[in-house]
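Residues 134 to 397 (the numbering used here) make up the sequence shown, in order. Glycine is no exception: its CB is placed at the ideal position from the N, C-alpha and C atoms. On a predicted model such as this, the values are computed, not experimentally measured, just so you know. The next block holds one structure in the form of C-alpha cells; read it before the comments.
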Amino acid sequence: MRDQIAAQSVIEELLRQQQSMPPRTRFARFWGINPLAADSVAWYRGAQGEIEVGRILSRLPPEWRAFHALPIGKAGADIDHLVLGPGGIFTINTKHHRGKKIWVAERVFMINGQKQPYLRNSTFEATRVTKILHERMPQLPPAQAVIALVSPASIMVRKKPDGVSVLDAINLRRWLLKRPLELDEVQLVELAALVNAPATWPAPASPPSPNLSAQFAVIDSEVKTARVRRVTWTLLSFATVATLAVFVGLPLYNRLVLGLIGVP
C-alpha cells in the first residue's frame, strides 16, 4: 500500500469524468476555454488538496510514515491519508476550500454558512481504521480523526468537536510533531508492516491506473494554461476599452466643453 499516491482514487475518478469530454479545438485552446467537464471541477480541486497535504506529510521526520488513498468501506471510499508516528495513528481527511470561511462547533461544520457532514465522516473513518488495526494489534491506541483544510479564508472553531481535530493544512506537520508520545519504534515498525499489507484493507473497487501522476500533471497544466489565457484576454479587453475611452472619448469631451463655452 506504500505505492499508493496522494489523491490516487480522486485522480482516477477525475480521469473517468474527463473521458466524456471531447478534445478541445484550437479555438477553445486559444481563448482559454476550461478543459474540465462540469462534473470534473470538484474532483480536480480535491486532487489538488490531497496532493498538497501529501507534500506536507512527506516532510515529516523518517520515524513517521504516511500512507495515502487506502481503500475502506464500499463504493470506492478511501482514507485520504493515514499517518503513523510516535504521536499515534491519524486518519486525515483533506478538504480543499480555497477562500472559503470555515465555522466549526461541537457537532457542526459549515463552509460559507452551509452545513457539511465532515465531522461525522471523519469520525467514521477513524473508528473504522481503529477496528481494522485492533483486529491484528489490539494493544494499539485508537486512531485520531483530523480534518486538514487547504487554503481556507478563515477557520473559526467555536467549540472543539469531540474526537476530531480541525486544522489549516499549513499547520498540520507542526501539530503532528507536538503530539504526546503514544508509540515506540518497535510498535511503529510492526504497525507500518500491517498497514502496508494489501490484505489488511478491502480490495479496491477497480485496479489502479498506471502513470496517474503524469496524467494529472497534463490536466493540471492544461487547466492552469487555460486560466492564464482567460485572464490575459480579460485584461486585454479592459485595456482596449480604456484606450478607446482615451482616444475617442477625450476628443468628444473636448468638443463638448468647447461648445459650451462658445469657443469656435
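Close beta carbons around F223, own chain, < 6 Å, minus the five adjacent residues each side: Indexing the sequence shown from 1 puts residue 223 at position 90. Excluding residues within five positions, the ones whose Cβ falls inside 6 Å are V216, Q277, V279.
Which residues mark the beginning and the end of the beta strand (DSSP E) in which G218 is found? Within the sequence shown, numbered from 1, the residue matching residue 218 stands at position 85. Run containing G218: 211-218, per the beta strand (DSSP E) assignment.
Mind listing, in chain order, the continuous alpha helix (DSSP H) runs of no fewer than 4 residues lying wholly within the stretch 149-174? 159-164
Assuming S342 contacts L169 under a Cβ cut-off of 8 Å, what Cβ separation, rounded to an integer in Å, is found between them? Residue numbering aside, residue 342 sits at position 209 when the sequence shown is read from its first letter. Residue numbering aside, residue 169 sits at position 36 when the sequence shown is read from its first letter. Contact flag wrong, Cβ pair sits at about 18 Å.
Reduced DSSP category for V396 - H, G, I as helix; E, B as strand; rest coil: As a first step, residue 396 is located in the sequence shown; it is residue number 263 there, counting from the start. With a pLDDT of 47 at V396, under the threshold of 50, the modelled position of this residue cannot be trusted; read the value that follows with caution. Looking at V396 - three-state DSSP - the assignment turns out to be coil, as it is neither helix nor strand.
Assign T227 to buried or exposed, taking buried as 16 or more other Cβ atoms, counted over all protein chains shown, within 10 Å of its Cβ. Your numbering for residue 227 matches position 94 in the sequence shown. Its Cβ being crowded by 16 or more others within 10 Å, T227 is buried.
Which residue marks the beginning of the beta strand (DSSP E) containing A336, and which one marks its end? Position 203 of the sequence shown, counted from the first residue, corresponds to residue 336. Premise fails: A336 is in no beta strand (DSSP E) and is neither H nor E.
What are the boundary residues of the alpha helix (DSSP H) that N329 is part of? Along the sequence shown, one-based indexing puts residue 329 at 196. Membership of N329 in the alpha helix (DSSP H) is indicated by the continuous run 318-329.
How about I288 and I235: are their beta carbons less than 8 Å apart? Taking the first residue of the sequence shown as 1, we reach residue 288 at position 155. Taking the first residue of the sequence shown as 1, we reach residue 235 at position 102. Cβ atoms of I288 and I235: closer than 8 Å.
Identify every residue that forms a DSSP beta bridge with N304. On the sequence shown, position 171 is the one that residue 304 refers to. Partner(s): none; N304 has no beta bridge.
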